[in-house]
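Visitor:
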Amino acid sequence: MPSDVLIVGGGPAGAIAALVLARVGVGVTILDRAVFPRDKLCGDSVNPGAMALLARHGLAAQVEARALAVSGMLVTGPYGAAVRAIYPGGVVGRSILRRELDTMLLEAATRAGARVEQGARVVSPLVEGANGTRRVTGVFLRTRGGAVARPARVVIGADGRHSSLAFALGLARRPRRPRRWAIGAYFDGVAGLSDVGEMHVRRGHYIGVAPTPGGLVNACLVVPEARARAIGSAQAEALEQTLQRDEQLGPRFHHARRATPVTMLGPLAVDVGSAGVEGLLLAGDAAGFIDPMTGDGLRLAMRGGELAAAAALEALEGRADAHIRLAQRRREELGGKLRVNRALRSLVDLPVGVSLAAAAARIWPDILGPVINYAGDVKSA
Ligand SMILES: Cc1cc2nc3c(=O)[nH]c(=O)nc-3n(C[C@H](O)[C@H](O)[C@H](O)COP(=O)(O)OP(=O)(O)OC[C@H]3O[C@@H](n4cnc5c(N)ncnc54)[C@H](O)[C@@H]3O)c2cc1C
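Residue numbers (our numbering): 8 to 388.
1. When DSSP builds the beta bridges, which residues end up paired with residue 188?
2. Buried or exposed: which applies to residue 301, given that a residue is buried once 16 or more other Cβ atoms fall within 10 Å of its Cβ?
3. Could you say if the region 21-36 and the region 309-320 meet the contact criterion of at least three C-beta pairs nearer than 8 Å?
4. Taking the C-alpha atoms as reference points, what is the distance between residue 201 and residue 141?
5. Return helix, strand or coil for residue 43, following the three-state DSSP convention.
6. Report yes or no: do the region 225-234 and the region 207-215 share at least 3 C-beta pairs separated by less than 8 Å?
7. Can you tell me which of the three DSSP states residue 297 falls into?
8. Is any heavy atom in ligand 1 found nearer than 7 Å to the beta carbon of residue 39?
9. Take residue 235 and list the residues in its own chain whose beta-carbon comes closer than 7 Å to its own, dropping the five residues that flank it on each side.
10. If you draw a straight line from the C-alpha of residue 37 to the C-alpha of residue 193, how long is it?
11. Quick check: residue 259 and residue 86, are their CB atoms within less than 8 Å of each other?
12. Can you give the Cα-Cα distance for residue 293 and residue 14, rounded to whole angstroms?
13. Going by DSSP, what residues sit across from residue 212 in a beta bridge?
14. With respect to 7 Å, is the separation between the Cβ of residue 220 and the closest non-hydrogen atom of ligand 1 below this value?
15. Would you call residue 109 buried or exposed, if buried means 16 or more other Cβ atoms sit within 10 Å of its Cβ?
16. By DSSP's criteria, residue 327 is part of a beta bridge. Which residues make up the other side?
17. What do you reckon, are the CB atoms on residue 121 and residue 35 nearer than 8 Å?
18. Using a threshold of 8 Å, state whether the C-beta atoms of residue 113 and residue 99 are closer than that.
19. When you compare the CB positions of residue 334 and residue 182, do they come within less than 8 Å of one another, or not?
20. What separation, rounded to the nearest whole angstrom, lies between the Cα atoms of residue 256 and residue 82?
21. So residue 73 packs on residue 220, CB below 8 Å; how close in whole Å?
22. Please classify residue 148: does DSSP put it in a helix, a strand, or coil?
23. Would you mind stating whether residue 318 and residue 363 have Cβ atoms separated by less than 8 Å?
24. Check whether the Cβ atoms of residue 281 and residue 330 lie closer than 8 Å to each other.
25. Going by Cα to Cα distance, which pick from 298, 66, 145 and 48 is closest to residue 352?
26. Around the C-beta of residue 159, are 16 or more other C-beta atoms found within 10 angstroms, so that it is buried, or is it exposed?
27. Given that a residue counts as buried once 16 or more other Cβ atoms are within 10 Å of its Cβ, and exposed if not, what is residue 374?
28. Quick check on residue 93: does DSSP put it in helix, strand or coil?
29. With burial defined as no fewer than 16 other Cβ atoms inside 10 Å of the residue's Cβ, what is the status of residue 33: buried or exposed?
30. Could you tell me whether any non-hydrogen atom of ligand 1 is closer than 7 Å to the CB of residue 237?
31. Helix or strand or just coil, what does DSSP make of residue 127?
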């Protein structure tokens, strides 16, 4: 008996899509290759807009209970430029370990009635027809005995940046620019922390720093391809040395000790030309990944999960072209945000852009306040 909706990936996008669908009585199964709780390299910051989305689903209180409040952002640049902006109107974001957040969201989906199969790796979509008439009718799941077909009336692809579904169908590609890698770990003994998230933009790289519950500090370095290649397997050294040699961060990391192994991943950016095909709807990073610099991936992923769930309901009612309407809604709602993020990441790609922005921020510190609020999705909070 095919599932009504199969969701590949039980991260924030997939869990929210499942929650929405299960709450209106749709039979949903999530397939995730991981076994939760699982770690995920991330800055661990849930921005105010993402918190508002969680509140709409009745999930904010339990996240808040395991999180630190984040009242704004500190953005620094070269030449000692530093701007600290507090979100307006008492709005706050949160900092929470992804293994905790993602497990909580998955459990909420389960409570709502979704089935979750963990350790279930999807290898490719099950496709009928070809080119103009192709339709996804399920997925192939890897088992010990080989790939097994799992049919479904609708598939939601929420399997992250390396989406096996989006890449198999030729919907996703890795752009030639930007090509950046992230290297992250947790530290203790970091000085000078406060209740704001931090983004330190330098020529050629940037570093996110966030206090997390339990006292460890998340530090994430993002570098271009040439530097990632030069770093090779010396990831821990590269992260620690970059932190210690940084003009502004160095003194604060002087007595810090790395408390976890280092994780490196990349290339980060993935461009996706469409939100799916007939029978398949994409959500979260699987629908396109933007640079983590603006710290709003979770809000985009979860909102994408909601939009995919709404499109899945239309498809279950027998309406064709749900993926086309999904693409249109994503463009209308998320398009502006994605364009701003692209512009910012292009700016930090250029050494002169970083210098100019730093100079402008020194002369006119208020310039960054609106950008920080926009990145934090404060309006939707
Ligand atoms: C370095 C870095 C820092 C970031 N920092 C922040 C931040 O501070 N704040 C923020 O809002 N965003 C941040 N982001 C972005 C954020 O992490 C993502 O946007 C978010 O995780 C997307 O959620 P998702 O559900 O789409 O994908 P994911 O969270 O990646 O979940 C995808 C799920 O799919 C499963 N899966 C993958 N392939 C398969 C398969 N073949 N079969 C079955 N299951 C599969 C995986 O196990 C995983 O559980 C950061 C990203 C990076 C890279």
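All residues carry an ideal CB built from backbone N, CA and C; glycine is no exception.
Guide: Looking at the atomic coordinates:
1. Residue pairing by DSSP places residue 188 opposite 230 in a beta bridge.
2. buried
3. yes
4. 53 Å
5. coil
6. yes
7. coil
8. yes
9. Once the five neighbours on either side are set aside, the close Cβ partners of residue 235 are 188 and 273.
10. Approximately 30 Å, taken between the alpha carbons.
11. Not closer than 8 Å, so no.
12. 12 Å
13. 209
14. no
15. buried
16. In the DSSP output, where bridge partners are listed per residue, residue 327 has none listed.
17. Contact flag set, yes.
18. no
19. No, these two residues do not count as a Cβ contact at 8 Å.
20. 12 Å
21. 6 Å
22. strand
23. Their beta carbons are not under 8 Å apart, which means residue 318 does not touch residue 363 by this criterion.
24. yes
25. 298
26. buried
27. exposed
28. strand
29. buried
30. no
31. coil
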